[in-house]
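Below is one structure, written out as structure tokens; comments come after it.
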Ligand SMILES: *Cc1c(COP(=O)(O)O)cnc(C)c1O
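Residue numbers (our numbering): 1350 to 1704.
Written out as structure tokens, the structure is:
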């Protein structure tokens, strides 16, 4: 699949790229940005002409609604380079649709497909040298939208700014991830904004995660807010459980974000003939499986780390260690998925889109 570009856009390129000053071997995630950024403003009820210009800070009024009422949404996706030096995106239309779903939930305007998709293609093409060849090298793509209209009156803004920024990344090994199962705090509630990729969902997680960190755990497995008996997400990732040779993950809901990695892993697992069951998993089931030895793996799934194996979990102050196993489903699925993303395996699903 490839995109036809029909975007009317202004482009101001940097005089000289900063790429030579970047140490691509020692990148920490999300700290370095490419030469350019895309900006598209929404005012008077319409999206204005987008511009790609040098990456730099910009001014916003202190009374802008994003600062006071949190109208802010984002996406996270990646671009990859293959051995022919071609740059590829992975299922970008999924991110486009999810972005607009988030926008609707936050009473923000939907961005047009042309601005999102052709904007992406255009900025990736301009900064294509920042996508490095070789497995593990990616360009992390961060589209986002904020309410820039001024006035501390609590109502939706009439002015918004959509932007795309790009950050080169190395695949990271998250190290041992130990998690606490949430018994009190919640990431999301029925009727809330948990299914939107809204900034506020992240700030809401920071404090409980900090408490978990202080106890020696890296992340929290979120449970349903009403009963804290159903396992829902792992930190900011979807979560999978392997009991014997069956893979379980919860269905998406108002409380669970519809992750592109999650749904891609489900499709790959099914193609590989694995037994995948999409249903709620109870904390109790997890503990029983840990006790009788049938629990083999727990892992998070998301764009940034792809899969993040969990080594232990804690519930009611009792810690349960996961066994060390060979033939990890998590690692097999990760390899199959990244091989498609890097064009090392045939993309039988038609997921990759050339820039
Ligand atoms: C972004 C996100 C995910 C993962 O989604 P991907 O599309 O796979 O990156 C999962 N859970 C939450 C809460 C998220 O914000």
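For glycine and all other residues, C-beta sits at the position ideal for the given N, C-alpha and C.
Closest Cα partner of residue i within the set the options
i            : options                   : result
residue 1457 : 1621, 1390 and 1437       : 1390
residue 1367 : 1517, 1502 and 1492       : 1517
residue 1467 : 1582, 1399 and 1524       : 1399
residue 1662 : 1629, 1597, 1527 and 1575 : 1527
residue 1573 : 1550, 1585, 1538 and 1542 : 1538
residue 1448 : 1405, 1476 and 1492       : 1492
residue 1594 : 1602, 1606, 1626 and 1570 : 1626
Heavy atom of ligand 1 within 8 Å of residue i beta-carbon
i            : result
residue 1376 : no
residue 1558 : no
residue 1671 : no
residue 1550 : yes
residue 1546 : yes
residue 1606 : yes
residue 1539 : no
residue 1444 : yes
residue 1582 : yes
residue 1609 : yes
residue 1650 : yes
residue 1653 : yes
residue 1709 : The question about residue 1709 has no answer, for the chain in this structure spans 1350 to 1704.
Residue i burial status per 10 Å Cβ neighbour count (16 or more: buried)
i            : result
residue 1556 : exposed
residue 1668 : exposed
residue 1473 : buried
residue 1620 : exposed
residue 1635 : buried
residue 1649 : buried
residue 1687 : buried
residue 1501 : exposed
residue 1657 : buried
Cα-Cα separation, residue i to residue j
i            : j            : result
residue 1618 : residue 1644 : 18 Å
residue 1416 : residue 1609 : 29 Å
residue 1350 : residue 1701 : In this prediction, residue 1350 has a pLDDT of 48, which is less than 50 and means its spatial position is unreliable; what the coordinates show is noted afterwards. Taking the straight line joining both Cα atoms gives about 7 Å.
residue 1692 : residue 1437 : 9 Å
residue 1360 : residue 1402 : 6 Å
residue 1370 : residue 1379 : 16 Å
residue 1647 : residue 1583 : 10 Å
residue 1550 : residue 1451 : 12 Å
residue 1469 : residue 1651 : 20 Å
residue 1381 : residue 1478 : 14 Å
residue 1640 : residue 1616 : 30 Å
residue 1354 : residue 1431 : 21 Å
residue 1372 : residue 1509 : 34 Å
residue 1362 : residue 1385 : 7 Å
residue 1498 : residue 1397 : 15 Å
residue 1632 : residue 1585 : 19 Å
As assigned by DSSP and simplified to three states, the class of residue i
i            : result
residue 1437 : strand
residue 1403 : strand
residue 1533 : coil
residue 1350 : In this prediction, residue 1350 has a pLDDT of 48, which is less than 50 and means its spatial position is unreliable; what the coordinates show is noted afterwards. Reduced to three states, the DSSP call for residue 1350 is coil.
residue 1691 : coil
residue 1606 : coil
residue 1369 : helix
residue 1539 : coil
residue 1567 : coil
residue 1552 : helix
residue 1487 : strand
residue 1468 : helix
residue 1684 : helix
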